[in-house]
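Read in numbering that gives the first Met the number 0, the sequence shown has 224 at position 225, and its numbers run on one by one without any break.
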Amino acid sequence: MLFDLQGKRRRLVQVVYLGLAVLMGGGLVLFGIGGDVSGGLFDAFSDRSGSGNGNSLVQERVDRNEKKLKAGSRNEGARKALVRDYFQLANAQTSDTQAGYPAGAKDELRRSSRHWKAYIALEPDKPDTSLARLMLQVYDPMALNQPKEALAVARLIAENEEDSQAYLNLVQYAALAGDTRVADLAGQKAVDLAPKGERKKTQADVEQLKVQAQAKPQGGQPQGGQPQGAATAP
Numbered sequence: 000m001l002f003d004l005q006g007k008r009r010r011l012v013q014v015v016y017l018g019l020a021v022l023m024g025g026g027l028v029l030f031g032i033g034g035d036v037s038g039g040l041f042d043a044f045s046d047r048s049g050s051g052n053g054n055s056l057v058q059e060r061v062d063r064n065e066k067k068l069k070a071g072s073r074n075e076g077a078r079k080a081l082v083r084d085y086f087q088l089a090n091a092q093t094s095d096t097q098a099g100y101p102a103g104a105k106d107e108l109r110r111s112s113r114h115w116k117a118y119i120a121l122e123p124d125k126p127d128t129s130l131a132r133l134m135l136q137v138y139d140p141m142a143l144n145q146p147k148e149a150l151a152v153a154r155l156i157a158e159n160e161e162d163s164q165a166y167l168n169l170v171q172y173a174a175l176a177g178d179t180r181v182a183d184l185a186g187q188k189a190v191d192l193a194p195k196g197e198r199k200k201t202q203a204d205v206e207q208l209k210v211q212a213q214a215k216p217q218g219g220q221p222q223g224g225q226p227q228g229a230a231t232a233p
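Structure representation (structure tokens):
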């Protein structure tokens, strides 16, 4: 056996093994090896620096696109990029321990809204409905809390996608904005566009969404624009 050695050789072997044990233990801590929690100390430092670098890249992109718009305000691509990037900068200021957006983040949301409206004013041939869905989050009660603006966005999505689910979304946002006429018309359209076997359920979803909106007079659409309790499109 190794540790049956005598004298200096035994001491040398013990020191070598002790050094290896220290190195292995340090590796486990630094690199997060062998644990259920992902990442070690190096990962923690890299995550923090990565987040900061990501925001810096977004801000640089914002600055470039703002300069492009000064040269020509009809740059559709720059407008769309700014809608997304200002929203991303706002999200970067949120906290897991606090609901909603801080005041500084709402400034970024207002900039996102301004560029969205400028983009729509360009009258694109086919409005970007994925960008529109992002705007439903911007106008959410936990964000800018602008139900009428959210209604306009939901109407745009429904008119461009022409499916039952989009009109169910419109029912909800119309009801939350207090526009019962649009809610009724959108509800009928949602039923008409639903498959025959789903129409009774769709009608029940319409009524449920209206009731939920009446119970939340201050607004309460879920983030991302998905109606609560509504059927998903087949």
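Ideal Cβ placement from N, Cα and C applies to all residues, glycine included.
Q: Please determine, among 145, 80, 98, 93, the residue with the shortest C-alpha to C-alpha distance to residue 117.
A: Indexing the sequence shown from 1 puts residue 117 at position 118. Cα-wise, what sits closest to residue 117 is 80.
Q: For residue 72, name the three-state secondary structure that DSSP assigns.
A: The count along the sequence shown starts at 1 and reaches residue 72 at position 73. Here residue 72 sits in coil by DSSP.
Q. For residue 92, which three-state DSSP category applies?
A. Counted from its first residue, the sequence shown places residue 92 at position 93. Judged by DSSP in its simplified three-state form, residue 92 adopts coil rather than helix or strand.
Q: Output yes or no for whether 8 Å exceeds the beta carbon distance between residue 156 and residue 168.
A: As a position in the sequence shown, residue 156 is number 157, starting the count at 1. As a position in the sequence shown, residue 168 is number 169, starting the count at 1. A contact, by the Cβ cut-off of 8 Å.
Q. So who's on the other strand from residue 97, going by DSSP bridges?
A. As a working note, residue 97 is residue 98 in the sequence shown. DSSP, once it has assigned bridges, lists 94 as partnering residue 97.
(Q) Is the separation between the beta-carbon of residue 131 and that of residue 150 shorter than 8 Å? (A) On the sequence shown, residue 131 is found 132 positions in, with the first residue counted as 1. On the sequence shown, residue 150 is found 151 positions in, with the first residue counted as 1. Their beta carbons are not under 8 Å apart, which means residue 131 does not touch residue 150 by this criterion.
Q) Within this structure, are the beta carbons of residue 85 and residue 55 separated by less than 8 Å? A) Start at 1 with the first residue of the sequence shown, and residue 85 comes out as number 86. Start at 1 with the first residue of the sequence shown, and residue 55 comes out as number 56. Taking 8 Å as the cut-off, the beta carbon of residue 85 is found no closer than this to the beta carbon of residue 55.
**Q.** Contact set for residue 104: own chain, Cβ-Cβ below 6 Å, skip 5 residues either direction
**A.** Looking up residue 104 in the sequence shown gives position 105. Result list for residue 104: 89, 92, in chain order.
Q: Indicate whether residue 193 and residue 185 have their beta-carbon atoms separated by less than 8 Å.
A: Start at 1 with the first residue of the sequence shown, and residue 193 comes out as number 194. Start at 1 with the first residue of the sequence shown, and residue 185 comes out as number 186. No.
Q. What is the C-beta distance between residue 205 and residue 170, in whole angstroms, given that I count them as a contact (C-beta under 8 Å)?
A. Counted from its first residue, the sequence shown places residue 205 at position 206. Counted from its first residue, the sequence shown places residue 170 at position 171. With a Cβ gap of about 5 Å, residue 205 and residue 170 count as contacting.
Q: Mind checking which residues open and close the alpha helix (DSSP H) that includes residue 143?
A: For the purposes of this step, residue 143 is taken as residue 144 along the sequence shown, with counting starting at 1. Here residue 143 belongs to no alpha helix (DSSP H), and DSSP marks it neither H nor E.
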